[in-house]
Amino acid sequence: MTSLPSLGEVLADAVVVSLPMRVRFRGITTREALLLRGPAGWGEFAPFPEYADDEAAHWLQSAIEDAWLGPPPAVRTRVPINATVPAVDADRVPDVLARYPGARTAKVKVAEGGQTLDDDVARVRAVRALVPNVRVDANGGWSVDEAEAALRALTADGPLEYAEQPCASVPELVEVRRRMPDVRVAADESIRRAEDPLKVVRAGGADVAVVKVAPLGGMRRLLSLADELSSHGVPVVVSSALDTAVGIAAGVAAAAALPELEFACGLGTGGLFEADVADSREPVDGELAVEAVAPDADRVTALAASEERSRWWIERARRCHGLLEQRGGRFFV
């Protein structure tokens, strides 16, 4: 355990940025984040706007860990990543995949509002033509019956590496696994947004766990959870929460510290931004190098959020810091 820095220390060099996106992703076209600097480097506080303060406080804890403690010891120097394909038309897939040179795995968004299963099948088919390993992510968008029908259609041309969060609830995930024993089910929201992240595993609702640094409260909490999941025979995939280059670096550092890394990580989402706070981390042969990232001052100035939005984020960080103080003013090492 280590002491929580004061609010003044946390906000001393804080800056809020707004990153434009190439395509709509997760229903947004810009991504806002508060960046803070500490003795070990930079951290990122960027819980999605709809998250309540109690949940968002985990993201502040993660940012403080990154900036005040830095990364845990690494056991590898490079981390394999998957390409991320938003819910675009099938004819746009080649352009999206071109941003991930050497990637042998792609995660494809499905179950997007306003689209059909035929759209999903066409998108996945276009990805299969270019990448050997395909996983899909429904973000909890299907019912059990819809998930069964969709997964049968999506596996007609070949297997899926896994289906991420096909349904929203744990009982639904359990039922999908029962009905579709040949398709691995990966849990994302059921882990990162749960008070008990192991609940879905104990219930039999997950073959794979998708874990993200910020929602779990930091790199070291992620490693601790990964160790517990491993004891249940469930491997992890470290993924991004649509992070800036600072947050991606924390995800890569966490993945680099895992004893085992069975699957490519979902840490290539930097390609979804038109501009970022640091030079784009380009994958080489489908892998990202493990290295520290510091925001570029000129880029940060160009991407600065409006005064109104900056005040909103500062006030949010203030409230979340208060919650961390109420929880004991100490955080996990």
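So for the sequence shown, full-length UniProt numbering puts the first residue at 1; every next one is plus one. Where is the CB? At the ideal position from N, CA and C, for every residue including glycine.
Would S231 be called buried (16 or more neighbouring beta carbons within 10 Å of its own) or exposed? So S231 ends up on the exposed side.
C-beta contact flag for L324 and L69 at 8 Å: Contact flag unset, no.
With which residues is I191 paired in a DSSP beta bridge? Answer is none; I191 lacks a bridge partner.
Per DSSP, N133 is paired with what? T105.
Closer than 7 Å: is that where the CB of A302 sits relative to any heavy atom of the ligand MN? Summarising the ligand content, the structure contains no ligands, and the ligand MN is consequently not present.
Have a look at the DSSP bridge pairing and note the partners of W59. Looking at the DSSP assignment, W59 forms no beta bridge with any residue, so it has no partner.
Only counting the same chain, and skipping five residues up and downstream in sequence, which positions put a Cβ closer than 6 Å to that of Y162? Within the same chain, Y162 has close Cβ partners R135, R184, A186, V208.
For R123 versus A90, is the C-beta spacing smaller than 8 Å? Yes, these two residues count as a Cβ contact at 8 Å.
Alpha-carbon to alpha-carbon, D243 and L36: Cα to Cα, L36 sits roughly 14 Å from D243.
With C-beta atoms as the reference, is V201 less than 8 Å away from V237? When the beta-carbon positions are compared, V201 and V237 stay at least 8 Å from each other.
Would you give the residue range spanned by the beta strand (DSSP E) that I81 belongs to? Segment: none, I81 is in no beta strand (DSSP E) and carries neither H nor E.
Could you check what DSSP says for L35 in three-state terms: helix, strand or coil? Strand.
Using the three-state DSSP reduction, which class does W68 fall into: helix, strand or coil? Three-state DSSP puts W68 in a helix.
Which first and last residues belong to the beta strand (DSSP E) in which L19 is found? For L19, the enclosing beta strand (DSSP E) starts and ends at 15-25.
Does G328 pass the burial test, meaning 16 or more other C-beta atoms within 10 Å, or should it be called exposed? So G328 ends up on the exposed side.
Spatially closest choice to V284 from E308, V96, I81, A317, by CA coordinates: Closest option to V284, judged by alpha-carbon separation, among E308, V96, I81, A317: I81.
Identify the continuous alpha helix (DSSP H) that holds A249 and give its terminal residues. It spans 245-257 - the alpha helix (DSSP H) in which A249 sits, taken as one unbroken run.
Can you check DSSP and say which residues form a bridge with K212? K212 is bridged to S239.
In terms of DSSP beta bridges, what is E287 paired with? Per the DSSP secondary-structure output, E287 pairs in a beta bridge with P80, V284.
Quick one, which of I64, R152, A156, L160 has its alpha-carbon nearest V108's? Closest option to V108, Cα to Cα, is L160.
Range of the contiguous alpha helix (DSSP H) that encloses W312: Taken as a continuous stretch (DSSP letters only), the alpha helix (DSSP H) holding W312 covers 307-326.
For the region 257-268 against the region 217-235, do three or more pairs of beta-carbon atoms, one drawn from each stretch, fall closer than 8 Å, so that the two count as touching? Judged by Cβ distances under 8 Å, the region 257-268 makes contact with the region 217-235, as three or more pairs qualify.
Inter-stretch contact (C-beta, 8 Å, three-pair minimum) for the region 92-106 and the region 297-314: No, the region 92-106 is not in contact with the region 297-314.
Buried versus exposed, by CB contacts within 10 Å (16 or more), Q165: So Q165 counts as buried.
Starting from G43 and walking both ways along the beta strand (DSSP E), at which residues does that stretch end? It spans 41-45 - the beta strand (DSSP E) in which G43 sits, taken as one unbroken run.
Measuring only between beta-carbons, confirm whether W142 sits less than 8 Å from chain B. Given the protein chain composition of this structure (a single chain), no chain B is represented.
Helix or strand or just coil, what does DSSP make of S230? Helix.
Compare the C-alpha of A63 against each of R22, P94, P39, E50 and name the closest. Measuring from the Cα of A63, the nearest candidate turns out to be P39.
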